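Take a look at the structure set out below.
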Amino acid sequence: MSTIDYLMQGFSISFLWYNLLFAFMGVLLGTIVGVLPGIGPMSGVALLIPITATITGSMGLSNEDSATSSIILLAGVYYGAMYGGSTTSILLNTPGESSSVVTALDGYQMAKQGRAGSALSIAAIGSFVGGIVTLIALMFLAEPLSRMALKFSSVEYFSLMVLGLCAISGLAGKSMVKALIMTTLGLLIATIGTDQFSGVERFTFGVLSLSEGVAFLTLAVGLFAVGEVFKTILHEDTQAIQIAKINSLYPSKAEMKESIGPIARGSILGFFIGILPGAGAILASFFSYVMEKKISKTPEKFGKGAIAGVAGPETANNAASGGAMVPLLTLGIPSSGTAAILMGALIMYNVQPGPLLFSEHPKVAWGLIASMFIGNVMLLILNLPLVKVFAKIIDTPAKYLLPLILSISIFGVLSAQNSMIDLWILLICGALGFLFAKHDYPVAPLVLSVILGPMMEANLGRALNISEGNWGIFVNPTMHPISLAFVIVAALWLLIPLILKMKGKEVLVNDDD
Amino acid sequence: MSRRFDFIASAIFLIIGLFFIIASQRLGNNVIGGTVTPATFPQVAGIVLMVLSVLLFVDTIKTVKTTEKHLADIYYRRFFIIVLSMALYILLIEPLGFVISTFLFLLVAFQTMHRGKLLSSILIAGGFSLVVHFVFIKLLEASVQSWPSFIN
């Protein structure tokens, strides 16, 4: 079957009534998550995993169909949040999530000049184009990349995972040491439970429910959702905010013309940055802004309401969230925190993302890709007329919102795990998540390494058995040149920011995405 | 960011790393033959964590002391009340069931966040727990117990 045949099959899956509904719910909830300042895409996706599991479970779907429907909804939340984040950036100068920070620079200025409608619609159109372009690229890259990855042995895989973890740590948070500590801590947490090879119980202290390991879901919901709520409770109350007026919803011809270039460049830039591990949507939007300003004939307009400063970054951040799907689906290596949580959700359904995904579970892979096409169209239709409604959501009083999120977390973890120990782990993770975030210990690398840990260990075991315990196998230039290349890139990823820092240059960091 | 936290954290991470290394020793003996034992991976990660915590300690010494912004006590009070009521919520969710414990937790939390408007707090807390009960527990059959066991 050709790529187009597979895509058509994917469309037939995503056009099933319940999958359309799932996609719709996903992008709607995602937009809301993007608008609400207290809750980011990672928390949103983590919170919704048990809820979707409950819904698919009660529908009596097969395991694969449940996985497809769930991932359709959860991915919708991911890219929906990218859309939603721009709305509050433009209207209120308060980015709903971090990848929309740059959008506020020019978007809010445009809103102050009475051009809020143009900014919002350009952001929506840009996001749409970015989303579609990356999907097309994903479609055509997925198969060849998977085929290449299938040739990897455990040696290459282990080095690739090391690279993924180093890349995330190199760019996450303000201190690389702290990021690396979180990564290593995640790897250690991943070892708790029954060892997959020998069946030996490790570090369980005789607690029965720990023999299956610390549940990923509990960890993610606790560290992100509960942690974020705890953090916000300690924040001073936000004052009542004035929402900018929206006059005309559509951009003028001149504005459209001005935006074509930034949107085209943003799509491509965003896609490639999204593929890179560690560099997420926030870097994509930042780079796009810098690039547009450099290219522009009138760079002095930037920061004062240049439409290119909205079109480029908004396109790029959406393109990046699509690009992040490439390493996730083809290699099984998530390139960002949110992608790691999506991967955790798939694993919960016994669907292993990676090179075999397209041959073993074509329904999941192609159903997801096709549904992302539909989801992007839905977002475009949904966002423009409803933008005023979404802007109102930000007025939801924190008084009600924060306790409700805590309650949803408890309900979700209890219904998915059915154990009281998990609720206590949830509370502890929430407190830790809050403390970590407060003191600049990034949480995303920890979650990522909890997901990758078991696979890393398995590949390490296989590789060392082949080499009879010789660790040099990972850097052997004649037998495993690709592995050596991965190791070198991983080392550079950590060393280059260090050298730049020593030279006194400021290094861009990825706070969360 | 406070230096004191980083100092304590580096000590704790050092202990965690050491713990995993020592606790793994026992595991290595369980498997005969083969170069990789269940202890290999946690031991390597434990060593890496110990090295990193030393680096964190050194880094922290080098950072300049910064003064922390002090928040009003009211925020700490509401933080501790909500964390405490969440712990009580977890304790009570089994004996009281989801609906009653959620209602109580939300009511306390809403009022802690902001005093007043008792009626809307009661309505939202009650509405939320009942909606979850009917939609997720009844309709979608989530495995969560709604009511106290003596009612069922």
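If you read the protein sequences in the order shown, they are chains A and B. The opening position of the first sequence corresponds to residue 424 in this note's numbering, with each subsequent residue numbered one higher. The opening position of the second sequence corresponds to residue 686 in this note's numbering, with each subsequent residue numbered one higher. All C-beta atoms in this analysis are idealised placements derived from N, C-alpha and C, irrespective of residue type, glycine included. Quick caveat, the model's predicted, so the values are computed rather than measured.
Which residue or residues does DSSP assign as beta-bridge partners of residue i?
i: T617/A; result: E624/A
List the residues of chain B that residue i touches, going by C-beta distances under 9 angstroms, in chain order.
i: Y580/A; result: Within 9 angstroms Cβ-Cβ: nothing; Y580/A doesn't reach chain B, min ~15 angstroms.
i: K535/A; result: Within chain B, no residue comes near K535/A; the closest Cβ sits about 29 angstroms away, beyond 9 angstroms.
i: S409/A; result: Only positions 424 to 936 of chain A appear in the structure, and residue 409/A is not among them; the question remains open.
i: L614/A; result: A small correction: the amino acid at residue 614/A is Thr; Leu does not occupy that position in the sequence shown. Result: F705, S709, P723, F726, P727 and A730.
Using the Cα positions of residue i and residue j, report the straight-line distance between them to the nearest angstrom.
i: Y441/A; j: M482/A; result: 10 angstroms
i: T614/A; j: Q775/A; result: 19 angstroms
i: S521/A; j: E779/B; result: 38 angstroms
i: F788/B; j: L846/A; result: 18 angstroms
i: K822/A; j: F764/B; result: 12 angstroms
i: S794/A; j: S582/A; result: 33 angstroms
i: V733/A; j: S523/A; result: 9 angstroms
i: H818/B; j: G480/A; result: 17 angstroms
i: G782/B; j: N841/A; result: 13 angstroms
i: G537/A; j: I513/A; result: 11 angstroms
i: L871/A; j: L706/A; result: 18 angstroms
i: R587/A; j: I775/B; result: Checking the displayed sequence, the identity of residue 587/A turns out to be Gly instead of Arg. Cα to Cα, G587/A sits roughly 37 angstroms from I775/B.
i: F704/B; j: F725/A; result: 54 angstroms
i: L657/A; j: L825/B; result: 35 angstroms
i: A724/B; j: A763/A; result: 26 angstroms
i: P833/B; j: S806/B; result: 23 angstroms
i: K535/A; j: N516/A; result: 10 angstroms
i: R688/B; j: T748/B; result: 8 angstroms
i: A743/A; j: V525/A; result: 15 angstroms
i: L543/A; j: T655/A; result: 27 angstroms
i: F620/A; j: V743/B; result: 38 angstroms
i: A490/A; j: E723/A; result: 49 angstroms
i: L439/A; j: I478/A; result: 16 angstroms
i: A590/A; j: A565/A; result: 21 angstroms
i: T641/A; j: P473/A; result: 10 angstroms
Name the chain A residues whose beta carbon is nearer than 8 angstroms to that of residue i?
i: G731/B; result: L611
i: H799/B; result: P820 and K822
i: R763/B; result: I656
i: P780/B; result: The contacting residues do not exist; P780/B stays about 11 angstroms from chain A at best.
i: V784/B; result: None at all; the shortest Cβ gap to chain A is about 11 angstroms.
i: P723/B; result: D618, F620, S621, V623 and R625
i: V829/B; result: F834, L837 and S838
i: L737/B; result: V600, L603, I604 and T607
i: L734/B; result: I604, T607, L608 and L611
When burial is assigned at 16 or more other CB atoms within 10 Å of the CB, is residue i buried or exposed?
i: A788/A; result: buried
i: A696/B; result: exposed
i: K823/B; result: exposed
i: D936/A; result: Unreliable placement is indicated for D936/A, whose pLDDT of 42 sits below 50; the coordinate value is still reported in the next sentence. With 16 or more other Cβ atoms within 10 Å, it is buried.
i: R688/A; result: buried
i: R625/A; result: buried
i: K601/A; result: buried
i: V816/B; result: exposed
i: N882/A; result: buried
i: T426/A; result: exposed
i: F835/B; result: exposed
i: S435/A; result: exposed
i: V630/A; result: exposed
i: W916/A; result: buried
i: E737/A; result: buried
Given that residue i touches chain B, what residues does it touch there, using C-beta distances under 8 angstroms?
i: W847/A; result: I775
i: T475/A; result: Per Cβ cutoff of 8 angstroms: no residues; T475/A is ~11 angstroms from chain B at best.
Under 7 angstroms Cβ-Cβ, which residues of chain A neighbour residue i?
i: A696/B; result: Simply none; closest approach about 12 angstroms.
i: D758/B; result: Result: empty, since nearest Cβ-Cβ is about 11 angstroms, beyond 7 angstroms.
i: L712/B; result: V623 and R625
Could you check whether the Cβ of residue i sits closer than 7 angstroms to any heavy atom belonging to the ligand SAM?
i: R711/B; result: With respect to the ligand SAM, the structure shown offers nothing to examine, as it has no ligands at all.
Anything in chain B within Cβ reach of residue i, meaning under 7 angstroms, just list it in chain order.
i: S481/A; result: L825 and E826
i: L850/A; result: M771, A772 and I775
i: A687/A; result: In chain order: nothing, as chain B lies at least about 41 angstroms away.
Closer than 9 angstroms by beta-carbon distance: list the chain A residues that pair up with residue i, in chain order.
i: F835/B; result: Chain A residues near F835/B: none, gap ~19 angstroms exceeds 9 angstroms.
i: F690/B; result: L858, K861 and H862
i: I767/B; result: V652, F653, I656, L825, P826 and L829
i: L740/B; result: V600, L603 and I604
*asked:* Output needed in chain order: residues of the segment 803-818 of chain B with a Cβ under 7 angstroms from some Cβ in chain A.
replied: I809, F813 and V817
*If contact means a Cβ-Cβ distance below 7 angstroms, which residues of the segment 824-847 of chain A contact chain B?*
L825, P826, L827, L829, S830, I833, F834, L837, S838, N841, M843, L846 and W847
For this session: May I ask you to list, following chain order, the residues of the segment 698-730 of chain A that have a beta carbon less than 9 angstroms from some beta carbon of chain B?
Result: none
Using a Cβ-Cβ cut-off of less than 7 angstroms, list which residues of the segment 874-898 of chain A approach chain B; keep chain order. E880, L883, G884, L887, N888, E891 and G892
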